[in-house]
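Line by line, the protein sequences are chains A and B. Residues 1 to 359 in my numbering are what the first sequence lists, from first letter to last. Residues 1 to 536 in my numbering are what the second sequence lists, from first letter to last. The beta-carbon is built from N, C-alpha and C at its ideal position, and this holds for glycine as well.
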Amino acid sequence: MTDVATHKPRSWRVMPAPSVVISIAAVLAAGLLGVVLIFAMGVSVSDALAAFIQGTVGTPYAIAASINRSIAFALVGIGFVIANRANLVNVGGEGQIAVGGIAATAVALYGHVEGLPAGLAFLIPLLAATVAGMLWGSIAAALKIKAGTNEVISTLLLSFIAVWLLYWCVQSPVLLRKPMTSSATLPESLEIPDATKLPLLTGDYSFPVHIGLPATVVIAIVAAIVLAKTVFGLRLRAVGFNPIAASRAGISYSRMVLLSLAAAGALGGLAGGFMLLGEQYVLKDGFSSGYGFDGLVAGLLARGSIVGVIAAALLFGFLRSGGINMEMVAAVPTALVMVIQGLIVVTLAGAAYFIGRRP
Amino acid sequence: MLSPPPVAAREKTGTTAEPLTEPLLALQGVTKRFGSLVALSDASLDIMPGEVHCILGENGAGKSTLCNLIFGVHVPDQGTMRFRGERYQPSGPSDALASGIAMVHQHFSLVHDMTVVDNVILGLQRGFVNTRSWAQRLDRLARDYGFALDPYAKIEDLSVGERQRVEIVKCLIREPRLFVLDEPTAVLLPDEIAALLAVCRRVADNGCAVVLVTHKLAEIKKAADRVTVLRGGQVVARSDHPAQEIDALVRAMIQGDVKSLDKSAASVLGVVEAGAAAAATTPPESPATEAVQIDGLTVIDSQGVTRLDNFTLSIGPGEIVGVAGVEGNGQSELAAVLSGMTAPSRGRIFLGDIETTQLSPKQLTAAGVGVVPEDRHAVGCIVEMSVAENMFLNRLEDFTSQGFLRHRALVAAARELMTRFDVRAAGPEVAFSALSGGNQQKAVLAREITLPKLLFLLAAQPTRGLDVGAVAAVYNHIRAACRRGAAVLLISSELDELIAVADRIVVLYRGRIMGNCAANPSERERIGAMMAGQAA
């Protein structure tokens, strides 16, 4: 039995050089297929591509929107990679973003933070978002430690709870719904105070990239160093490869599960906070829709590499923006972008399988 | 033993099978490579009908590869195989079975919650099944070969020896012409080994050829008609009179002189009588204080089954106590509790004056408890990580500053330890999985023995799967630890090993201590009886 376990290819964990080439090839191939599909739909390919490019890099605003999107993907992806070092699969990014957004909104609106100096007005809501996500991730960890619940199931189901919690928050005037003035009052929160909005890098709304970008870069660097150079990273790896041997060597499995899932949750929560305080300003039902899963896919594709997460997050961020524009301008459904994204995943997973098999 | 074998048995001549018959199976220059590793190189071999042919060799000599080629698991890269005079090119085990070749693997493949007869029928028949007629056939077959086997017993209720009989019956019911057994005696009681060899003899006397893979010379003395010795994937010796040529066979197998062998290792191999080795270990002075005191340790599993029952033992400093017993009689539970992996249901453990019953593995390490786990791959090491990381996995704090790993210091320390313990690898930074079993075990041992103040060393099956050189090294390191004053508990299913290395032996049977006796070859039979559950 041990033989089977030890000889299983661990190709998801390493990033060998050929895989960079393969990744790029997979993206190009999937893109090409997307073009073929657009052609098959009877839409003018050049119109669609023009719309796509316009939506990704056509205007400073488009670029900024793509980057902001990528920030959320990257944070969730980094969290996925951290948990995955301990051989845990966090699929709860969606819910962690949702609780992060809820917490950020609640604190920004009702936490009396707007008058605080030195950026505390937005830092405290961000912290609240991070803590909320961390707690959400910790629930899954506690379930795994105490009851052995598989984290794939618990994080996924916790996401459903969080998404409906979000719905409840924006539907109930007792919670975060803005005061009902008429029957036409939308089920959403009030807009957060200006002081709690994240500062933009340029200070200019035509290029609205917020301070989440440098923050995410710093987080990525720190995460990469922690995973590669610290004893904590080594212990995570040990637990991921062989929890029994690790615990015999005095490494606490429970502690590693808790820390890694809490970290993944915290990054998801932070992503939710960034989205709310940096771009959306109003809490709406479904604001996290799809972000958690795109982030998860970014983490999955990166195969353990933080640099890979960043690359995948940027790719998906721009793809999504371009896709939305393509739908609006050229009447190509956004679903096509999701098809392309799915194709990239399948191609890369297939390639990984073949790389792993090569002796 | 009641009825004679079904086919008229030929008188066993005692030496060779009839030389005039054509070989049943002939291998010609067979080579098998796995990547850059040449597992078997230009091996030629004739198996005659009616003979017990032993394949002798250390671990990694190519024995299992040879079996797998014969059984169709692997395809040879070069060379030919002929079976009954015809070209034999199996593309899988089913081809081998169809040609009349059956194999008992080292690891059993039985469905635990099914009965014996159901397990036998599995893979033999499709459609409707007449269980009763199969059960009768099974019963007849077992009696023909002189052993008892209840066709309706559930596998999970059977002992290891009985399970092996089921595997054997599964093969014999197909009436094979060639019967291959891969290391069949590793898990058996002394009595069961004798019974198994008798069955092999009977099968051979019925005209079937038996290929018996082993690394134990005692078995060759008892059962083999002819022997082929493998070393490093090559056939290095053949013998038609193995009983008279044991010394030469050992030399061929280990490429060295029997006399240069560690005495204990030699006795485990069966080269010398265990007595000679026991004399080599100096008896300890009776210990003044107890280093380790185990008091009424009881483990009841989640099903309510008592796995370890009131285990009480004290070990003095510098003393080696052996735990004998057939596997699955509470040894794993004892090791798990002593290494802090599970909490006992009852009972207490003391290290000197300190109670360690509830301590975590980390605290036990700090208290001076070294553990060489039974299952090296599952518990002892992390094969995906580097040798250096594995050698200091329990002491990473020593290589930490501000949370960062002092990688260079770790590698340097590992390199030094590898030299001291003769761990052979390309370097401290290669993956642990790249090491051979013996070197892996030496590395684990190095980690556990070099704990800053080792008071208690728990070694469970420390030489399983190791070759002779590594076995000797493991014994030397255990003895050295004991000379430095550590108490040692050696759990082993190899009785010869215990007699050779331990000072005294306790016998576990169904979780209870059946008896306590000196590690003396004269006690062998008594220990064997206790292992089988007979009170001393």
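Between which two residues does the alpha helix (DSSP H) holding residue i run?
{"i": "Thr196(A)", "result": "No alpha helix (DSSP H) contains Thr196(A), which DSSP labels as neither H nor E."}
{"i": "Ser332(B)", "result": "Gln331 to Leu338"}
{"i": "Cys171(B)", "result": "Val160 to Leu172"}
{"i": "Ile102(A)", "result": "Gly93 to Tyr110"}
{"i": "Ala443(B)", "result": "Gly437 to Ile449"}
{"i": "Cys67(B)", "result": "Lys63 to Ile70"}
{"i": "Gln358(B)", "result": "Taken as a continuous stretch (DSSP letters only), Gln358(B) belongs to no alpha helix (DSSP H), as it is neither H nor E."}
{"i": "Gly370(B)", "result": "Looking at the DSSP string, Gly370(B) is not in any alpha helix (DSSP H); the run it does join, the beta strand (DSSP E), is Val369 to Val372."}
{"i": "Arg33(B)", "result": "No alpha helix (DSSP H) holds Arg33(B); the beta strand (DSSP E) holding it covers Leu25 to Phe34."}
{"i": "Ala98(B)", "result": "Pro93 to Ser99"}
Using 8 Å for Cβ pairs, my map puts residue i next to residue j. What's the rounded Cβ distance?
{"i": "Val383(B)", "j": "Ser433(B)", "result": "4 Å"}
{"i": "Lys544(B)", "j": "Val120(B)", "result": "A question about residue 544(B) goes unanswered here, because the residues of chain B that appear run from 1 up to 536."}
{"i": "Val99(A)", "j": "Gly272(A)", "result": "7 Å"}
{"i": "Gln331(B)", "j": "Ile193(B)", "result": "Rounded, the Cβ-Cβ distance is 19 Å, inconsistent with contact."}
{"i": "Ala237(B)", "j": "Cys200(B)", "result": "Between Cys200(B) and Ala237(B) the Cβ distance is about 21 Å, and since that is not below 8 Å, they are no contact."}
{"i": "Leu212(B)", "j": "Cys54(B)", "result": "5 Å"}
{"i": "Glu538(B)", "j": "Arg226(B)", "result": "This structure gives no information on residue 538(B), because the portion of chain B shown stretches from 1 to 536."}
{"i": "His442(B)", "j": "Ala473(B)", "result": "Reading off the sequence shown, one finds Lys at residue 442(B), where the question assumed His. About 6 Å; that satisfies the 8 Å criterion."}
{"i": "Asp46(B)", "j": "Gly29(B)", "result": "So it is not a contact: roughly 13 Å between Cβ atoms."}
{"i": "Glu188(A)", "j": "Val170(A)", "result": "5 Å"}
{"i": "Ile339(B)", "j": "Val299(B)", "result": "Checking the sequence, you will find Ser at residue 339(B) rather than Ile. Actually they do not touch by this definition, with Cβ atoms about 13 Å apart."}
{"i": "Ala198(B)", "j": "Lys221(B)", "result": "No, Ala198(B) and Lys221(B) are not in contact; Cβ-Cβ is about 14 Å, not under 8 Å."}
Between the alpha carbons of residue i and residue j, how many angstroms are there, rounded?
{"i": "Pro179(A)", "j": "Ala378(B)", "result": "60 Å"}
{"i": "Leu49(A)", "j": "Ala106(A)", "result": "41 Å"}
{"i": "Arg10(B)", "j": "Thr228(B)", "result": "Here Arg10(B) scores only 38 on pLDDT, less than 50, and its place in the model should not be relied on; the value that follows carries that caveat. Going from the Cα of Arg10(B) to the Cα of Thr228(B) covers about 24 Å."}
{"i": "Met48(B)", "j": "Thr65(B)", "result": "20 Å"}
{"i": "Gly268(A)", "j": "Leu213(A)", "result": "15 Å"}
{"i": "Ser70(A)", "j": "Ile478(B)", "result": "57 Å"}
{"i": "Leu343(A)", "j": "Pro90(B)", "result": "40 Å"}
{"i": "Gly288(A)", "j": "Leu166(A)", "result": "According to the sequence provided, residue 288(A) is Ser. The question's Gly does not apply to it. If I take the Cα positions, the gap works out to 10 Å."}
{"i": "Ile527(B)", "j": "Ile315(B)", "result": "20 Å"}
{"i": "Arg512(B)", "j": "Gly296(B)", "result": "10 Å"}
{"i": "Cys507(B)", "j": "Asn84(A)", "result": "In the sequence as presented, Cys is not what sits at residue 507(B); that position holds Val. Cα to Cα, Val507(B) sits roughly 45 Å from Asn84(A)."}
{"i": "Ala486(B)", "j": "Arg420(B)", "result": "19 Å"}
{"i": "Leu455(B)", "j": "Tyr353(A)", "result": "48 Å"}
{"i": "Leu386(A)", "j": "Ala366(B)", "result": "With chain A running from 1 to 359 in the structure shown, residue 386(A) is simply not present."}
{"i": "Leu230(B)", "j": "Leu40(B)", "result": "9 Å"}
{"i": "Leu334(B)", "j": "Arg248(A)", "result": "15 Å"}
{"i": "Leu75(A)", "j": "Pro173(A)", "result": "31 Å"}
{"i": "Val332(A)", "j": "Gly290(A)", "result": "19 Å"}
{"i": "Arg165(B)", "j": "Ala204(B)", "result": "16 Å"}
{"i": "Met530(B)", "j": "Ala519(B)", "result": "14 Å"}
{"i": "Phe80(A)", "j": "Lys453(B)", "result": "41 Å"}
Residues of chain E with CB closer than 7 Å to the CB of residue i, please, in chain order.
{"i": "Asn206(B)", "result": "Absent from the structure: chain E. Protein chains present are A and B."}
Taking the continuous beta strand (DSSP E) assigned at residue i, which residues delimit it?
{"i": "Asp182(B)", "result": "Leu178 to Asp182"}
{"i": "His53(B)", "result": "Val52 to Leu56"}
{"i": "Phe83(B)", "result": "Gln78 to Phe83"}
{"i": "Gly322(B)", "result": "Ile320 to Ala324"}
{"i": "Val229(B)", "result": "Arg226 to Arg231"}
{"i": "Arg238(B)", "result": "Gln234 to Ser239"}
{"i": "Val38(B)", "result": "Leu37 to Ile47"}
{"i": "Leu458(B)", "result": "Phe456 to Ala460"}
Per DSSP, which residues does residue i bridge with? Please list them.
{"i": "Thr298(B)", "result": "Arg346(B)"}
{"i": "Ala209(B)", "result": "Leu178(B)"}
{"i": "Phe311(B)", "result": "Leu297(B)"}
{"i": "Glu86(B)", "result": "Phe83(B)"}
{"i": "Cys200(B)", "result": "Per DSSP, none; premise fails for Cys200(B)."}
{"i": "Tyr537(B)", "result": "The requested residue 537(B) does not occur in the structure, where chain B is confined to residues 1 to 536."}
{"i": "Glu188(A)", "result": "Lys284(A)"}
{"i": "Leu351(B)", "result": "Val292(B) and Ile354(B)"}
- Decide if the stretch 345-362 of chain B is in contact with the stretch 207-224 of chain A; the criterion is three or more beta carbon pairs, one per stretch, under 8 Å apart. no
- Message: Closer than 8 Å is the cut-off here; do at least three beta carbon pairs connect the stretch 179-186 of chain B with the stretch 121-135 of chain B?
- Response: no
- Counting pairs of beta carbons, one from the stretch 235-244 of chain A and one from the stretch 151-164 of chain A, are three or more of them closer than 8 Å? Contact fails between the stretch 235-244 of chain A and the stretch 151-164 of chain A, because fewer than three Cβ pairs, one in each stretch, are under 8 Å apart.
- Pair every Cβ in the stretch 241-255 of chain B with every Cβ in the stretch 96-104 of chain B, then say whether three or more of these pairs are closer than 8 Å. A contact is defined here as three or more CB-CB pairs under 8 Å, and the stretch 241-255 of chain B fails this definition with respect to the stretch 96-104 of chain B.
- Message: Taking 8 Å as the cut-off, does the stretch 187-196 of chain A touch the stretch 103-119 of chain A (at least 3 CB pairs, one atom from each stretch)?
- Response: Short answer: they touch.
- Message: Would you call the stretch 123-136 of chain A in contact with the stretch 59-69 of chain A, where contact means no fewer than 3 C-beta pairs closer than 8 Å?
- Response: When Cβ pairs closer than 8 Å are counted between the two stretches, the stretch 123-136 of chain A is seen not to touch the stretch 59-69 of chain A, the count staying below three.
- Task: Determine, using beta-carbon pairs with one atom in the stretch 139-152 of chain A and one in the stretch 245-264 of chain A, whether at least three such pairs fall under 8 Å.
- Result: yes
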